Amino acid sequence: MQKIVILLFFVLSASVFGQDYLNKTEKYDVELFNYLDSLTVERKVPLEEYLKFSKPFSKWDIRPVQHEKIYALDSVRTSSEISNFFWGGFSQRYELTDKEAAEKPNQFLKQGMIDEDRHIQFLKDHLPEFKTLAALVGKSRNLIYLNQSSLQRVDDIFKENNGYWSYVIPQKSPFPISAKIKTEKNYRFSSLQQQILEQMKKVNIYSIVKTDLGMFFLLDGFSDNSYGYYFSPSGMLENNNHLFEIMSSRNISDGFFYYIAN
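Under the numbering used here, read the sequence shown as residues 45 to 306, first letter to last.
This is the structure we're talking about:
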């Protein structure tokens, strides 16, 4: 196992040579790998906690949000490839075999298919609550919401243990996280933001991503994979968002869809 980790680190280190795609000479990919790896080694974060906070748009999600592709980990990669590569490295810390680690995403997607009818029925049974949530998000200028137990997020601001904080991200870094944070001493979520977070909890949505065309309501996620609902006032499903590679979808009603993204 140790030899594999050392080899992986060597590959990551090699990525800093000859970079000419967004971050030519910086070592943000290596720095973030070391940072996230320290969570599993020094802090000994349990697997369940690591998976929880590595879900799409949670605090340890490594995927670049603004860029579909960046130069990282020895070549130009899509944002989803970066997430999967990091998972492959950290899964060894939890003594998972390569096969077990590789099967995790497929098991997640399969569960989204198994529960599809149940999730669709849940939306139908709570359609007024979802319409309220969509209307609130439509009024908001914010693009990302997160509401997990012990952790909330609105765009770049996180609330954890009753305190607000944000990542200190270098200007040239395409990644949404860093090894440094700053305390937001005078920050508070607005009334509208709090309403949205509370409404998310009522309908079991842990994250929302607002786009120019609609909004994704995430029920669950693993690495770059997710499943949940999509809403668009036009009634058309969005298929060209690089953060959500739609694998399957079903039209429910009133502009709502159920989706599974890999």
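Note that the Cβ used here is the ideal one computed from N, Cα and C, for glycine as well.
Fair warning: this is a prediction, and the values are worked out from it, not measured in the lab.
Item to check | Distance, ASP200 Cα to SER235 Cα | outcome: Here residue 235 refers to the residue found at position 191 of the sequence shown. Here residue 200 refers to the residue found at position 156 of the sequence shown. Each residue's alpha carbon lies about 17 Å from the other.
Next on the checklist: With H, G and I counted as helix, E and B as strand and the rest as coil, what does DSSP make of GLN196?
Outcome noted: For this step, residue 196 is matched to residue 152 along the sequence shown. Strand.
Item to check | GLU75 - DSSP class collapsed to helix/strand/coil | outcome: Reading the sequence shown from its first residue, position 31 is the one you call residue 75. Note: GLU75 maps to helix in three-state DSSP.
Checklist entry - Just how far apart, CA to CA, sit MET157 and ILE304? => result For the purposes of this step, residue 157 is taken as residue 113 along the sequence shown, with counting starting at 1. For the purposes of this step, residue 304 is taken as residue 260 along the sequence shown, with counting starting at 1. Between MET157 and ILE304, the C-alpha separation is close to 8 Å.
Checklist entry - Going by DSSP, what residues sit across from MET259 in a beta bridge? => result Taking the first residue of the sequence shown as 1, we reach residue 259 at position 215. Note: MET259 sits in a beta bridge opposite LYS254, PHE275.
Next on the checklist: Which runs of the beta strand (DSSP E) at least 3 residues long sit entirely within the segment 64-145? Give them in chain order.
Outcome noted: Segments of the beta strand (DSSP E) lying fully in the segment 64-145: 113-116, 119-122.
Checklist entry - What's the C-alpha gap between ASN23 and SER278? => result The structure shown has nothing for residue 23, since the chain only spans 45 to 306.
Item to check | GLY299 - DSSP class collapsed to helix/strand/coil | outcome: In the sequence shown, residue 299 corresponds to position 255, counting from 1. Looking at GLY299 - three-state DSSP - the assignment turns out to be coil, as it is neither helix nor strand.
Checklist entry - If you count every other CB in all the chains shown that lies within 10 Å of the CB of ALA179, and 16 or more means buried, which is it? => result On the sequence shown, residue 179 is found 135 positions in, with the first residue counted as 1. Exposed.
Checklist entry - Hey, quick one: how far does the alpha helix (DSSP H) through LYS203 stretch, first residue to last? => result Counted from its first residue, the sequence shown places residue 203 at position 159. Run containing LYS203: none in the alpha helix (DSSP H); it sits in the beta strand (DSSP E), 201-204.
Next on the checklist: Give me the residue from LEU262, LYS216, SER217, ILE213 with the minimum Cα distance to ILE188.
Outcome noted: Counting from 1 along the sequence shown, the entry for residue 188 is found at position 144. Out of LEU262, LYS216, SER217, ILE213, LEU262 has the C-alpha closest to the C-alpha of ILE188.
Next on the checklist: Quick check: the segment 273-293 against the segment 136-151, are at least 3 beta-carbon pairs closer than 8 Å?
Outcome noted: Proximity of the segment 136-151 to the segment 273-293 falls short of the contact definition, fewer than three beta-carbon pairs being nearer than 8 Å.
Checklist entry - Which term fits GLU242, buried or exposed, when burial requires 16 or more other beta carbons within 10 angstroms of its beta carbon? => result As a working note, residue 242 is residue 198 in the sequence shown. Under this definition GLU242 is an exposed residue.
Checklist entry - Quick one, are the C-beta atoms of SER270 and LYS99 less than 9 Å apart? => result Walking along the sequence shown from the start, residue 270 turns up at place 226. Walking along the sequence shown from the start, residue 99 turns up at place 55. In this structure, the beta-carbon distance from SER270 to LYS99 falls below 9 Å.
Next on the checklist: What would DSSP say about PHE40, mapped onto helix, strand or coil?
Outcome noted: The first residue shown for the chain is 45 and the last is 306, placing residue 40 beyond what the model contains.
Next on the checklist: On the DSSP bridge list, what partners appear for SER270?
Outcome noted: In the sequence shown, counting from the first residue as 1, residue 270 sits at position 226. Partner(s): GLY265, ALA305.
Checklist entry - Helix, strand or coil for MET157 per DSSP? => result The residue labelled residue 157 in the question sits at position 113 within the sequence shown. It is helical.
Checklist entry - With distances taken from CA atoms, which of ARG162, ASP81, LEU167 is nearest GLY132? => result Along the sequence shown, read from residue 1 onward, the residue named residue 132 stands at position 88. The shortest Cα separation from GLY132 among ARG162, ASP81, LEU167 belongs to ASP81.
Checklist entry - How would you write the range of the alpha helix (DSSP H) that SER235 sits in, first residue to last? => result Taking the sequence shown and counting its residues from 1, the one referred to as residue 235 is at position 191. Unbroken alpha helix (DSSP H) run through SER235: 235-246.
Item to check | Presumed contact (8 Å Cβ cut-off) between GLU160 and TYR302, rounded CB distance | outcome: Here the question's residue 160 lines up with position 116 in the sequence shown. Here the question's residue 302 lines up with position 258 in the sequence shown. The C-beta separation of GLU160 from TYR302 comes to about 6 Å, placing the pair in contact by the 8 Å criterion.
Item to check | Segment limits, beta strand (DSSP E) that includes LYS226 | outcome: The residue labelled residue 226 in the question sits at position 182 within the sequence shown. For LYS226, the enclosing beta strand (DSSP E) covers residues 225-227.
Item to check | ASN312, DSSP secondary structure in three states | outcome: Residue 312 lies beyond the range of the chain shown here (45 to 306); nothing can be said about it.
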